[in-house]
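Working notes, structure below.
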Amino acid sequence: MATSGPRRTPSGLATLRFQVKHTSTQQEAGKTRTVEVETELVAFGPVAQGLGNIQPGAGLKLTGFIDRKGARDPRLELHVTEFGMLAPE
0 MATSGPRRTP SGLATLRFQV KHTSTQQEAG KTRTVEVETE LVAFGPVAQG
50 LGNIQPGAGL KLTGFIDRKG ARDPRLELHV TEFGMLAPE
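If you read the sequence shown in numbering that gives the first Met the number 0, its first letter stands for residue 0, the second for the next number, and so on.
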């Protein structure tokens with residue numbers, strides 16, 4: 000999770016870029032496998048402001064869409080459009 004609050008775009012829109020680590024157990028071809036991945040995310044507006052208040056390490060449910068990072072950067076990033084807190088385990 001991000002360690003600093005949202006920044007502002009030149010037009011004044013709140014924006015937050017951060018990384019998350021996802022860990023889960025999935026079924027594939029009848030076998031169980033552990034999935035671990037770190038990925039880059041970006042959020043804008045009220046979602047960025049809300050995520051900026053979350054403590055690192057908090058469990059989150061994130062909803063959004065995948066897009067390329069930039070016009071000349073084909074790497075993927077998740078654009079977060081909604082988020083919720085997960086109950087502690």
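We treat Cβ as the ideally placed atom computed from N, Cα and C, and that holds for glycine.
In the DSSP assignment, G44 falls within the unbroken alpha helix (DSSP H) covering 44-50. In this structure, L40 sits away from K60, with a CB-CB distance that is not shorter than 8 Å. By the neighbour-count definition (other C-beta atoms within 10 Å, threshold 16), L50 is a buried residue. Close CB contacts of T38 within its chain, under the 8 Å cut and outside five residues either way in sequence, are with Q18, V19, H21, L75, E76, L77 (chain order).
Check the Cα spacing between R6 and each of G44, G63, K68, E35: the tightest is with G44. Per DSSP, reduced to three states, the secondary structure at L85 is coil, with no helix or strand assignment. Here the alpha carbon of Q54 sits roughly 32 Å from the alpha carbon of R71. By the neighbour-count definition (other C-beta atoms within 10 Å, threshold 16), A57 is an exposed residue. In the assembly as shown, L12 is an exposed residue. Its beta-carbon has fewer than 16 other beta-carbons within 10 Å.
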